[in-house]
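Structure first, commentary second.
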């Protein structure tokens, strides 16, 4: 009789184990500036200052001023399976100085969400390598506290290097190439991206980036981003962008507005992100809506 009860409870336990789904954590969006969120992350060839620490470190060499940047973002995620909604926030601070021959910036970024936390400290440097070209490098240190597939918080810290090149073909056309994490310090984060930007009479800008992880199947890790910027009046800019990242299993779009003064820059953007469920990436399917605001003072 006892053996029958033992077999019965063993069967119940086995069924419970088999029916327990693998835990998948919510995706914490990668760090981007407000402008980047409005363009869907596009802009590897754009000559930007505050974005150099995220996009292309070589572009800071085209400036001769300093900048202090602050950003606050609010995010709302809706899980595809349960339909439940959760919120979390992120913050970024960037200090840049490009008054010397070599321009540089230092940034601190953090995001916390449902017991998970990511912090990143980064420094970017860029300098001219010709009349119209520049070279840059970005060094970053990240510390993560994320859930693994067993719903346990795992702490990890790592360093990464990014190399970038920018070239101004003319006043209207610029191009850039960036290689993220070429030494593979973080699994599946190596990425090479090339970009092109065309500006028509200072009124409309077209941006397009394309890249992939050259250490894996290119078609499986293909990423492309496209964006448009429209100048409204003398100091207002409207931006729209879209992207598709097969390596991270996500796609989305963004829109935003920027008010640019000689010393003050205000940006506001909204980005919609569709994350696909993937067991290998330990992520669940969800929709992410992020609203971001940033303030930059230049001197």
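In the working numbering, the protein residues as written are 2 to 300.
Virtual Cβ for every residue (Gly too), placed ideally from N, Cα, C.
Just so we're clear, the structure is a prediction, and the values are computed from it rather than from any experiment.
Can you tell me the Cα-Cα spacing of residue 219 and residue 300, whole angstroms? Looking at the two C-alpha atoms, the distance is approximately 43 angstroms.
Are the segment 182-189 and the segment 206-213 in contact at 8 angstroms, needing three or more beta carbon pairs? No, they do not touch.
Considering only the beta carbon of each residue, do residue 257 and residue 39 sit closer than 8 angstroms? Closer than 8 angstroms, so yes.
Report the CB separation of residue 222 from residue 248 in whole angstroms; it is logged as a contact under 8 angstroms. About 4 angstroms separates the two Cβ atoms, so the contact holds.
Where are the beta strand (DSSP E) runs, 3 residues long or more, that stay fully inside the segment 218-266, in chain order? If we require 3 residues or more, the beta strand (DSSP E) runs fully inside the segment 218-266 come out as 224-233, 237-246, 251-261.
Going by alpha carbons, who is nearest to residue 148 out of 35, 31, 114? Here the closest residue by C-alpha is 114.
To the nearest angstrom, how far is the alpha carbon of residue 193 from that of residue 183? Taking C-alpha positions only, residue 193 is separated from residue 183 by approximately 8 angstroms.
From the DSSP output, which residues share a beta bridge with residue 184? DSSP lists no partner for residue 184.
Nonlocal neighbours in the same chain, by C-beta distance under 7 angstroms from residue 261, ignoring five residues either side: 236, 238, listed in sequence order.
Compute the Euclidean distance between the alpha carbons of residue 199 and residue 227, then round it to the nearest angstrom. One C-alpha to the other measures close to 12 angstroms.
Just the C-alpha distance for residue 286 and residue 130, rounded to the nearest angstrom, thanks. C-alpha separation (whole angstroms): 44 angstroms.
How far does the alpha helix (DSSP H) with residue 202 in it extend, from its first residue to its last? Boundaries cannot be given for residue 202, as no alpha helix (DSSP H) includes it and DSSP labels it neither H nor E.
If you draw a straight line from the C-alpha of residue 224 to the C-alpha of residue 276, how long is it? Note on geometry: alpha-carbon atoms of residue 224 and residue 276 lie some 14 angstroms from one another.
Considering only the alpha carbon of each residue, which of 254, 216, 259, 251 lies closest to residue 234? Here the closest residue by C-alpha is 259.
Quick check on the burial criterion: 16 or more other C-beta atoms within 10 angstroms. Buried or exposed for residue 153? Exposed, because fewer than 16 other Cβ atoms sit within 10 Å of the Cβ of residue 153.
For residue 265, the nearest candidate out of 70, 251, 30 (CA to CA): Of 70, 251, 30, the smallest CA-CA separation from residue 265 is found for 70.
To the nearest angstrom, report how far apart residue 151 and residue 104 are at their CA atoms. Distance between the alpha carbons of residue 151 and residue 104: 44 angstroms.
Going by DSSP in three states, residue 63 sits in which element: helix, strand or coil? In the structure shown, the three-state DSSP call for residue 63 is helix.
Return the CA-CA distance between residue 297 and residue 62, expressed in angstroms with no decimal places. When rounded, the separation of the alpha-carbon atoms in residue 297 and residue 62 is 18 angstroms.
Terminal residues of the beta strand (DSSP E) in which residue 160 lies: Residue 160 -> beta strand (DSSP E) spans 154-169.
Where do the ends of the alpha helix (DSSP H) carrying residue 39 lie? Residues 35-39.
Cα-Cα separation between residue 132 and residue 171, rounded to whole angstroms: Cα-Cα distance, rounded: 11 angstroms.
Does the separation of the CB atoms of residue 60 and residue 127 fall below 8 angstroms? In this structure, residue 127 lies closer than 8 angstroms to residue 60 by Cβ.
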